[in-house]
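Taking it in order: structure first as structure tokens, then the write-up.
Number of protein chains: 2
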Amino acid sequence: MTELVGESRQVQKERTRQAIMDAALALGQQHGFAQVSLRQVARHAGVVPTAFYRHFESMDELGLALVEQSFSTLRRMIREAQRDPQMFENIIDAAAEVLVESVKVSKAHFAFVSRERVGGSPIVRRAIRHELDLFVSELAVVLARLPNIESWSTDDVQMVSRLFVRNMVSNAEEVVEMPDHRADLEERIKEGARRQMRLIVLGFERWKS
Amino acid sequence: MTELVGESRQVQKERTRQAIMDAALALGQQHGFAQVSLRQVARHAGVVPTAFYRHFESMDELGLALVEQSFSTLRRMIREAQRDPQMFENIIDAAAEVLVESVKVSKAHFAFVSRERVGGSPIVRRAIRHELDLFVSELAVVLARLPNIESWSTDDVQMVSRLFVRNMVSNAEEVVEMPDHRADLEERIKEGARRQMRLIVLGFERWKS
DNA sequence: GAAGTCAGTGAACATGCGTACACTCAGATT
DNA sequence: AATCTGAGTGTACGCATGTTCACTGACTTC
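Each protein sequence line maps, in turn, to chains A and B.
Mapping of the first sequence onto numbering that gives the first Met the number 0: position 72 corresponds to residue 71, and the numbering continues sequentially without gaps.
Mapping of the second sequence onto numbering that gives the first Met the number 0: position 102 corresponds to residue 101, and the numbering continues sequentially without gaps.
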């Protein structure tokens, strides 16, 4: 029993912790996480300022937790997308689709990452850069197995992987900035992303040949 | 005489104004302009907080002035670079060189733009986006005259122009983040930029053909 | 040389901040 | 049933902030 009934308290604590993280994400949408105060977060989470410390040592630690949560969300989405059969039929169209839809679903997380990547505290910034670097390396492994690319040098593959991730980040930024319910703008961004990827892929085929 | 001698006062005012802008730029390097306070700026500029209001109505107005100054610096650099004969021999190598060197020279301005582009106040952010959009259009005009591109649709040219500007922004961000006096890193960024541009140009040649 | 202008001063204010501390009292442990 | 634990409370503090107001005095204008 000691372990089974002993849940309710942990569960409540976890709920509050998540409320704090959600509050930070929501408040950050307006002016950026870096300018949100501890008191604002606590207020919005329906908790007294001092209670914040039961969950995070500082705002920086909250920021790091948000980085972690954001990237795990992103990775989960990509993993799910890879199971989609459409992905293998037309990889470019599918990637553009997945990108825009994923960002729309977890706008707050993407907004957090894209803003704090450059505007956040040094600690949060470093964490995001590290995650993005990991991402580039992961994508490089996938790319290295594609035709046209398998003979490239490691450096070249990394470079092209960076190019893709960069464009992914930029496109995500655009979707984040996009006003809600504007299907026309959304389609425009998707179309732009498709064209950019197609152009880069065309470059692949002739690289150093 | 009324106009000739009446300079010293304006000149002094202009000097203070510039001191305030320099202070904001310097302080912003650490944690981003958006989190710099009016009092910090005034202190760093060697002036009492209230004197700030003689030059700017608010921090947002200061931000807009910095956006303007940053982009006029950037445009001047590009104009000068276009006079360089090397530019016409190998446009890609020259562009990579100019990019890295320009950013190094006015690091503070580029850092300001790249951070506040996403992290700043809505007003400053909008101003930067507008300037960057102008930039994309300007570059599109130049690109439209290149071989391989002259037959493209306007939309396609805009798209490829966005691709270039995006990469310029990303590379500038990297140079800004780069520690000083690291010639190796610098060369690495330049080489990365060259490869990316070459890859994109290769795509040009086969686009829709 | 008198009068006026206005960049910069200095004191004062209300407000919001991060954090320390002693507390309560539901829920877990014994 | 008695005890303990720790998530959340409430008060209090010193400090930095944006903005106000009346001011000074060098430089410009007349």
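For every residue, glycine included, the Cβ atom is placed at its ideal position computed from N, Cα and C.
Keep in mind it's a predicted model, so treat the numbers as computed, not measured.
CB contact check: residue i to chain B, cutoff 8 Å
i	result
Glu172(A)	yes
Trp206(A)	yes
His129(A)	no
Met158(A)	yes
Leu133(A)	no
Arg194(A)	yes
Ala18(A)	no
Leu198(A)	yes
Ser169(A)	yes
Leu65(A)	no
Ser7(A)	no
Ser120(A)	yes
Leu162(A)	yes
Glu117(A)	Residue identity differs from the one stated: residue 117(A) is Val in this sequence, not Glu. Cβ-Cβ to chain B under 8 Å: yes for Val117(A).
Val141(A)	no
Extent of the continuous alpha helix (DSSP H) run through residue i
i	result
Gln29(B)	7-30
Val97(A)	90-104
Ser136(B)	121-143
His43(B)	37-43
Arg78(A)	58-82
Any C-beta of chain A under 8 Å from that of residue i
i	result
Ser57(B)	no
Asn166(B)	yes
Glu107(B)	The sequence given here has Ala at residue 107(B), not Glu. Judged by the 8 Å Cβ criterion, Ala107(B) is not in contact with chain A.
Glu137(B)	no
Leu201(B)	yes
Ser113(B)	yes
Ala33(B)	yes
His30(B)	yes
Arg42(B)	no
Asp83(B)	no
Leu26(B)	no
Val123(B)	no
Asp183(B)	no
Asp155(B)	yes
Gly191(B)	yes
Selected residue, minimal CA-CA separation from residue i, among the options
i	options	result
His43(B)	His54(B), Met58(B), Glu190(B), Leu24(B)	Leu24(B)
Met196(A)	Lys207(A), Met177(A), Arg161(A)	Arg161(A)
Ser120(B)	Arg194(B), Glu13(B), Glu60(B), Lys207(B)	Glu60(B)
Phe203(B)	Met167(B), Ser150(B), Gly191(B)	Ser150(B)
Leu65(A)	Thr15(A), Arg75(A), Val112(A)	Val112(A)
Met76(B)	Val117(B), Ala22(B), Ala93(B)	Ala93(B)
Glu67(B)	Asn89(B), Phe109(B), Asp183(B)	Phe109(B)
Phe70(A)	Val10(A), Ala33(A), Ser101(A)	Ser101(A)
Val140(A)	Ser7(A), Val35(A), Val156(A), His180(A)	Val156(A)
Gln17(B)	Val159(B), Ser169(B), Leu133(B), Arg53(B)	Arg53(B)
Ala211(B)	Ser152(B), Ala22(B), His129(B), Arg193(B)	With chain B covering 0 to 208 only, the question about residue 211(B) has no answer from this structure.
Leu142(A)	Ile122(A), Val164(A), Lys189(A)	Val164(A)
Val174(A)	His129(A), Gly191(A), Asp83(A)	Gly191(A)
Leu145(A)	Glu96(A), Ala95(A), Glu176(A), Phe87(A)	Phe87(A)
Leu138(B)	Met20(B), Lys207(B), Met158(B), Arg114(B)	Met158(B)
For this session: Would you list, in sequence order, the uninterrupted beta strand (DSSP E) runs of no fewer than 3 residues that lie entirely inside the segment 159-197 of chain A?
Result: none
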